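Everything in the sequence shown is counted per the numbering used here, starting at 42 for the first residue and increasing by one.
One structure is given here, and the rest of the page talks about it.
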Amino acid sequence: MPKQINFLTIIIGLMSLVIFWGSHVLYKEWRAHFIDIGWAVRPLDNLLSYQSQRLYEFTHHHFTKSRKKGLPTVRLYIPEKARIKLMEDPPQSTKKWKKGFILDSHRNLTKIKFRHRGDAPRNWAYEKKSWRLKAPKKKLFGRVRIYNYGIPKHETFLDNYISYYIGRKVGVMSPQSRMVELFINEEPYGVYNEVEHIDESFLRNNNIMPVNLYKGEQVYKERYLTIDFDLFNNPSLWRKASIFNRVSEDDVSDLIYFLNLVREAETSSESFARLKQTAKIDDWALFSAYQTLVQAWHNDWRHNMRLIFDPWSGSVKPIVHDTVSMFREEDFKLNRRSHALLTLYNKSSDFVLKKHRNLYKFVIDEILPKTIFHLDNLIPNLVTSMSRDKYRHQQSFGTKRFFHPINEEKVRQEWNQLFMQMRKLNKWLSNQLSGPPQAEWKQEKNTLALTIKGPIPVDKVTMSFAEGTKIPSFIGWDADSNGIISNGDLRIPFRIDGRDLILEATWLANQVSSWQDPINWELIQTGGFNMIPTLFRLVGNVRIEPTEIKASNNLTGKQAVLSKSSLTGVTPSRWNQPIVEKTSKEFVWSGDKIINENQIISYPLKILPGTKILLKQGASLIFKNRVNIMGTISDPVIVKSATKGNSWGVMAFHGPKTTGSRVFNIQMEDGGEGKIDNIFYSAMLSIHESQGIHFKNLTMRKNTAVDDMMHV
């Protein structure tokens with residue numbers, strides 16, 4: 042009897058323990074679903090499975106952990122009471138700074154502040170948490186004020202790190218990052234991705250003075266409910282991470298100006314031209330090419346957007362933030378839509394040409410193979426640090442089980458799969474961009490039709506004419522397809538070599554938005570593009586009758602004979618136009634020139650001796666091309682107010698095309714400052730984004746509104 046009682050007691054005790062543990066797990070499961078709005082806990086990642094895996098890891102890692110040196114270490118010392126306070130009322134409590142210490146490079150304890158980072162519960166709901174550390178203003182981490190320590194998200198541990206690493210290699214704005222091993226109170230917490238925080242110190246480290254830096258996030262805690270959360274539809278969905286001190290913190294006029302331009306540029310040529318001055322195609326084509334290289338369009342219309350607004354250049358630049366490389370995908374993409382601006386720009390031939398030139402340069406420069414080499418050297422230290430991580434079971438972002446126990450051989454198997462995909466992508470990009478030009482032609486009644494296919498930009502279209510056949514002296518793109526030369530048709534420059542006529546233009550196929558069934562709200566914003574055959578009709582002053590046409594791949598110079606066929610194509614889209622080198626005629630100013638309002642001069646200009654430029658109150662003059670001001674000592678050029686007692690704005694030289702300008706013997710007075718097209722000009726004479734302007738005998742006086750007479 043006593044033996045039966047003892048046995049029942051043991052059974053009841055064990056059952057009670059199981060019931061208690063099970064209830065605790067179920068509560069955590071419910072809690073995870075409750076707080077994780079917008080990120081459902083997947084069945085295969087449930088907490089019962091998690092707890093079982095956790096028990097296994099805790100048991101075996103003591104026998105498999107390495108004692109060798111691994112990744113660079115970061116050692117934090119934080120009070121247990123502070124850690125408990127951070128998790129007192131998540132997610133609000135996770136954002137409250139607490140005091141702690143870090144071991145610096147000289148092995149001295151330094152005071153810091155710390156908290157958790159990230160709105161997604163996976164960043165702080167489990168044992169291994171993401172962290173944000175802030176240094177005192179007078180004792181930075183090198184030149185960085187704040188670092189983020191993120192839990193690796195995927196089985197490779199490297200997805201975010203690769204994206205930041207490649208971003209810096211190709212020249213997009215990207216924070217510094219490295220893989221580290223984190224110790225908290227001398228307990229190893231395994232591998233983390235250390236990333237420089239995007240804030241004012243990030244701007245300074247990239248040689249940018251503090252300006253407006255906007256953060257766009259509409260997921261988790263930061264999402265506004267009951268309203269449309271497309272970041273490009275509503276400036277109130279953004280907040281500032283850095284502030285331009287010339288305006289108030291609440292002033293978002295630069296953001297409003299930019300978002301309005303994006304919408305208006307869909308249908309307005311004038312707005313599209315101004316948009317290209319604001320969101321410069323060089324900057325965004327590089328960023329878009331980078332997205333293709335890492336196969337990730339994670340900086341999109343609802344989250345992970347970071348934009349720098351430079352008031353001196355008027356430009357808006359993107360920053361790499363939390364971009365997760367997706368090399369595991371088998372179906373590689375050249376282009377995808379991520380937000381309204383890039384959806385619009387991917388329809389522009391200027392943009393696509395520069396993007397594909399960047400992509401081809403990435404292939405030629407072997408960015409992906411060199412990245413593989415770098416990662417391969419990182420693996421041994423990474424494996425060592427991973428062996429000490431008893432929380433490594435948290436890393437899996439999906440449903441795949443990670444290796445048990447972890448060892449270098451199995452890690453290399455996982456990485457080799459990643460490297461194989463990166464090599465495949467590199468080869469695929471090369472094949473997409475380095476082949477022969479994909480184009481055909483056909484003779485029509487009064488025109489010659491050139492059909493462009495695929496992603497390769499086509500140039501040096503060479504028409505060979507038989508003896509006795511007239512060679513045109515004029516060729517234009519028949520934009521309205523009426524079969525005759527019209528006022529709106531674009532003249533195509535060319536040169537003649539014997540019986541060959543060589544068009545000096547570059548041609549691209551349309552990119553058309555595509556969707557896959559079933560359509561949902563996210564696919565409408567982030568679907569792909571299809572490149573479809575596009576037909577350009579050419580018209581001349583005489584009928585164009587070549588015997589043969591050849592063309593070249595603009596990226597490689599490879600030439601091929603084009604097939605003559607009946608292939609048709611769609612009409613070029615609004616922003617897909619033949620790309621030609623535009624030349625501007627030089628204009629001349631003399632006598633009295635009255636400027637009634639802000640005027641932007643985009644053509645070359647010569648200003649003769651004795652010219653008087655008289656500006657009405659508040660009016661400004663912005664030069665965006667080469668200017669020769671040819672005043673003499675006896676007959677200077679004078680710039681002053683048109684009305685005595687009033688002040689005008691600024692005279693500015695803005696942009697690389699002003700390089701080489703000469704400003705001789707000029708007298709300026711009564712100027713001030715101005716804001717034109719969202720650009721600040723803070724002196725009577727302002728020089729922005731220009732080099733090599735020659736000033737001689739410059740006289741300035743009676744500056745108003747601001748102290749500076751000249752700002753460079």
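Backbone N, C-alpha and C fix where the C-beta goes; we use that ideal spot for every residue, glycine too.
Treat the numbers as computed from the prediction; the structure is a model and nothing was measured.
In whole angstroms, what is the alpha-carbon distance linking residue i and residue j?
| i | j | result |
| --- | --- | --- |
| P613 | S554 | 14 Å |
| L381 | G568 | The amino acid occupying residue 381 in the given sequence is Ala; Leu does not appear at that position. Their Cα atoms are separated by approximately 12 Å. |
| K154 | T308 | 50 Å |
| K180 | E168 | 30 Å |
| R667 | K698 | 6 Å |
| R156 | K136 | 6 Å |
| D430 | R245 | 35 Å |
| I225 | P131 | 21 Å |
| I239 | I360 | 9 Å |
| K358 | F350 | 7 Å |
| V611 | K388 | 14 Å |
| P574 | R377 | 19 Å |
| I60 | G54 | 10 Å |
| T333 | H195 | 20 Å |
| E129 | W165 | 12 Å |
| T197 | W456 | 7 Å |
| D718 | M367 | 38 Å |
| L726 | A746 | 13 Å |
| A176 | L223 | 17 Å |
| F628 | R186 | 51 Å |
| T319 | A550 | 25 Å |
Our contact map puts residue i next to residue j with C-beta atoms below 8 Å; I'd like the distance itself, whole angstroms only.
| i | j | result |
| --- | --- | --- |
| S426 | V236 | About 17 Å; that fails the 8 Å criterion. |
| R369 | Q462 | 6 Å |
| L662 | Q640 | 6 Å |
| E481 | L603 | 6 Å |
| L542 | I512 | 6 Å |
| R578 | D538 | R578 to D538, Cβ: 24 Å. No contact. |
| R280 | K262 | That pair is no contact at about 13 Å. |
| S204 | V335 | 5 Å |
| T609 | K634 | Going by Cβ atoms, the distance from T609 to K634 rounds to 52 Å, so no, they are not a contact pair. |
| D530 | V580 | 7 Å |
| P352 | F104 | In fact, because the Cβ distance is near 59 Å, the residues do not count as touching under 8 Å. |
| L646 | F664 | 7 Å |
Once DSSP output is grouped into helix, strand and coil, what is the label at residue i?
| i | result |
| --- | --- |
| H339 | coil |
| I413 | helix |
| Y265 | coil |
| Y644 | coil |
| M725 | coil |
| S555 | strand |
| T114 | strand |
| P229 | strand |
| A452 | Note that residue 452 is Val in the sequence shown, not Ala. Reduced to three states, the DSSP call for V452 is helix. |
| D324 | helix |
| M461 | helix |
| S604 | strand |
| L400 | helix |
| S475 | helix |
| K483 | strand |
| G517 | strand |
| W38 | What the structure shows of the chain is the stretch from 42 to 753, and residue 38 is not part of that stretch, so it cannot be assessed. |
| V753 | coil |
| I408 | helix |
| E627 | coil |
Who are the Cβ neighbours of residue i in its own chain at under 7 Å, not counting the five residues just before and after it?
| i | result |
| --- | --- |
| H339 | N345, D363, T364 and V365 |
| E241 | P251 and S283 |
| F243 | P216 and E237 |
I'd like the list of long-range same chain contacts for residue i, defined as Cβ closer than 6 Å, with 5 residues on each side in sequence excluded.
| i | result |
| --- | --- |
| Y401 | L474 and L596 |
| E305 | S312 |
| A330 | K396, N399 and L400 |
| D77 | Note that D77 scores 49 on pLDDT, short of 50, meaning its location in the model is unreliable; the coordinates nonetheless yield the value given after this. For D77, where only same-chain residues beyond five positions count, the Cβ hits under 6 Å are P162. |
| W138 | K154 and R156 |
| V704 | I670 and F736 |
| Y298 | N719 |
For residue i, which residues from the same chain have a beta carbon less than 8 Å from its beta carbon, with the 5 sequence-adjacent residues on both sides left out?
| i | result |
| --- | --- |
| S607 | K483 |
| V211 | L327, A330, Y331, L334, N399, F403 and I408 |
May I have a chain-ordered list of the alpha helix (DSSP H) segments no shorter than 4 residues that lie completely inside the region 339 to 386? 381 to 386
Where in the region 248 to 316 do unbroken runs of the alpha helix (DSSP H), each at least 4 residues long, occur, reported from the N-terminal end onward? 294 to 305
Length at least 3, wholly inside the region 120 to 208: the beta strand (DSSP E) runs in chain order: 139 to 144, 150 to 157, 172 to 175 and 187 to 191
Ignoring anything shorter than 3 residues, give me the beta strand (DSSP E) runs that lie fully in the region 640 to 718, in order along the chain. 640 to 642, 646 to 648, 653 to 656, 662 to 664, 668 to 671, 678 to 682, 692 to 695, 703 to 710 and 715 to 717
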